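Chains as they are written, first to last, in our numbering: chain A, 3 to 111; chain B, 97 to 647; chain C, 13 to 194. Quick notes on the structure that follows.
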């Protein structure tokens, strides 16, 4: 049964090999940029994202996949939850360690 | 300091091989993430917010130059050129890759180090007074017992899957610099009327969402009985500690729910049944360990150094640094040097690989090859000749390590917070940087005097905010970070838990609030009264009034 | 469930008896502690051995009076991270002198095997699909133990050390990088 969702969702996980934050892309690959993520607007769509991610868990490519709610700004996605915005922004104290290409866009802080 | 013999070396190498096998099985899929998680945690490997994090054990905060250089090598080779010293006297690397971790562990084993049990629901790295063996106020050096416990707790067959993590601290001095009252087990070496030393055993202290100070379950324990008695405590906890709720699983909750008296009775019952001689190390084993902690090769020196006096007269910056960062050594002519990892506006506890190498060089040349890590996230050169202090200071200055702020307002403890940590609810480092810049003027800091500001980025309290004279807890509400302030906490021999003063502050206003609190203290203090003394005299009201009137 | 003993799969002669099930006249049966205590007279008079399954919240003391009549005790791990049964095993072996078979059931992972042996378990019920090679590699990867007074084949320092403890002078203790002779 599909989970209740609140607004548009994208699916995130960490790569098993280096722990990097990734998003399930529309082309079926895992992308570093949240803007390249496949977005679901329905519960069935979100469940389909989870089902696709589960395959990559079984093949030991990613760990801890989960859905996050995003705002679709038209030019990209911004996570609703503060923690998720921080998660893609990288450490604010050492910005040069930022691993995410769009960190600044995603976190206006 | 302790050196591995063949036994220790083989043990650590086997553990590395075992972990390599576990990593291989994880990558191949023989282990699921659910199965692997507890196994990797027991080797200090977390999956954090942005990457893996490897926490390396620095047993009771003791290092030599070779070990520090190896940490610098790992920082350069496998990380981004820096490491983070923690409140448990360990070091964390923030960017290792999973397949590299077994190699990193090999490099650590090469210098007699490991990451065993730096995480997980097991007995964690045993911590101790960072000045152990050097300080003038010591009854007995706690390090041999810390080492004994390090060995005993490593891959303990019975106590590796406890209800929750378990932290032990030990001190042998009158002044408590190890915050023993805030540990699951706190041990204090003390002296009785007959002049013998023994342990006072405290159980059930801790921070987290329910901060508690430990209760004394044994006022006097013969030193030889230590491991057997610990086994009794651990068994009662392993069998009866709560496993239904992670937030109630620490031993402090068991002690609290049973009452200290009943808990003590259960421990003593269990202890009475234990075949202690089978558990206890033979006397020659303690002698073997103690041999490694014999005093290093001090020179016979006059206690006063004319060279030091002259330099202090000539150079105010140096004199201020000596005043704050250098403390008395038990050996004539020597001093303990505290190296601040808290530059104004910096990240508390972070050190670059270059800084680590600089400290290693200094340790080798000027401190009988010893370095200590403090739970306040600073470093120590424990055995420096007074006549060398000026030269040491100059070297430290060249590497931005000469801040003269030990124990002052900018010597802030901060956990990694939401800049790194997957559990955090708010950032702590930027707040500490902001406060540090605000209060950073050294004249002002010296005027304010002893002040411990401690910041945690979530309720787990890794930044020890409950023990801060000013404690700050970062939380999140509706997408905004906010910060709760507590006052009056202390982790020393007169430990106390800080009290919340009222509603929290935004990230923009929390520094103002802290400054108001500091100014309020300056306004009401009596002669020679520290912040904590003043708070204990007047209570929270004047501070609350000042803070909430203006913010 | 496959059963491992001494590093190999072995046949399991024991049947776990539900509390409602009839007690068979012969064969080896494992019953709950409650059933054992309430039906001890029937159980000890039949042909076949009797084992008792203890919940991991049970106090081993409850079974102390019957230990000489019991040939197997099984202790359970609801999750491999729930370590209560390690201490129960230790109490059975050490405080109560239990010498019969001690069986680990539930979530039993190869990586725990060394610890389980050290606290006195001797048989292990493992998930089907468990490879014996993986089991033996994982359980044998550490051959040393710091803890004195535990069971199993891991060697403590006292057993490994043949040469006397090193004689360090204070001077040599402080020298960097020096390898201390074992």
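Think of the CB as a built atom: it goes at the ideal place given N, C-alpha and C, for glycine as much as any other residue. None of these values were measured; they are calculated from a predicted model.
Between the C-alpha atoms of residue 208 of chain B and residue 256 of chain B there is a straight-line separation of about 22 Å. For residue 195 of chain B, the C-beta contacts it makes with chain A under 9 Å involve 19, 20, in order along the chain.
A check of alpha carbon separations from residue 285 of chain B across B:624, B:234, B:112 identifies B:234 as the nearest. Against chain C, a Cβ distance below 9 Å from residue 238 of chain B picks out nothing, because the smallest value is about 17 Å. The beta carbon of residue 78 of chain A does not come within 7 Å of any beta carbon belonging to chain B, so the residue lies off that interface. In its chain, beyond the 5 residues on either side, 122 have a beta carbon closer than 6 Å to the beta carbon of residue 132 of chain B. Under the criterion of beta carbons closer than 8 Å, residue 93 of chain A and residue 516 of chain B qualify as touching, at roughly 6 Å.
Here residue 81 of chain A is bridged, per DSSP, to A:72. With fewer than 16 other CB atoms across the displayed protein chains lying within 10 angstroms of its CB, residue 21 of chain C is exposed. For residue 128 of chain B, there are no C-beta contacts with chain C under 8 Å, since the nearest C-beta of that chain is about 11 Å from it. Straight across, the Cα-Cα distance linking residue 612 of chain B with residue 631 of chain B is about 14 Å. For residue 443 of chain B, the nearest CB of chain A lies under 7 Å from its own CB, placing it at the interface with that chain. Taking a Cβ-Cβ threshold of 8 Å, none of the residues of chain B is close to residue 140 of chain C; the smallest such distance is about 15 Å. At a cut-off of 7 Å between beta carbons, residue 123 of chain C contacts chain B. By the neighbour-count criterion, in which a residue is buried when 16 or more other Cβ atoms sit within 10 angstroms of its Cβ, residue 175 of chain B is buried. Inter-residue distance for residue 68 of chain C and residue 99 of chain C is about 9 Å (C-alpha atoms, whole angstroms).
Residue pairing by DSSP places residue 21 of chain C opposite C:16 in a beta bridge. No Cβ of chain A is located within less than 7 Å of the beta carbon of residue 430 of chain B.
Residue 329 of chain B has a beta carbon lying at 7 Å or more from every beta carbon in chain C. Within 7 Å of the CB of residue 525 of chain B, the CB atoms of chain A belong to 95, in sequence order along the chain. For a cut-off of 8 Å, the C-beta gap from residue 505 of chain B to residue 416 of chain B is around 15 Å, too long to register as a contact. For the region 505-526 of chain B, residues whose beta-carbon sits nearer than 7 Å to a beta-carbon of chain A comprise 514, 515, 516, 523, 525, 526. Rounded to whole angstroms, the separation of the alpha carbons of residue 36 of chain A and residue 18 of chain A is 18 Å.
At a Cβ-Cβ threshold of 7 Å, residue 436 of chain B and residue 502 of chain B count as neighbours. With respect to chain B, the C-beta atom of residue 160 of chain C has a partner C-beta closer than 7 Å. Residue 449 of chain B sits close to residue 177 of chain B, with the two beta carbons spaced by under 7 Å.
Taken in chain order, the whole beta strand (DSSP E) runs of length 3 or more contained in the region 554-629 of chain B are 566-573, 576-583. Taking 7 Å as the cut-off, the beta carbon of residue 67 of chain A is found closer than this to the beta carbon of residue 55 of chain A.
Beta-bridge pairing by DSSP links residue 446 of chain B to B:180. Proximity to residue 216 of chain B across B:360, B:293, B:138, B:271 peaks at B:138, based on C-alpha coordinates.
Residues of chain B whose Cβ lies closer than 7 Å to the Cβ of residue 92 of chain A are, in chain order, 146. For residue 241 of chain B, no beta strand (DSSP E) run applies; the uninterrupted alpha helix (DSSP H) run containing it begins and ends at 239-249, by DSSP.
In this structure, the straight-line span from the alpha carbon of residue 101 of chain C to that of residue 192 of chain B is close to 38 Å. At the C-beta level, residue 157 of chain B and residue 447 of chain B stay beyond 7 Å of one another. The three-state reading of DSSP puts residue 234 of chain B in strand, counting E and B together.
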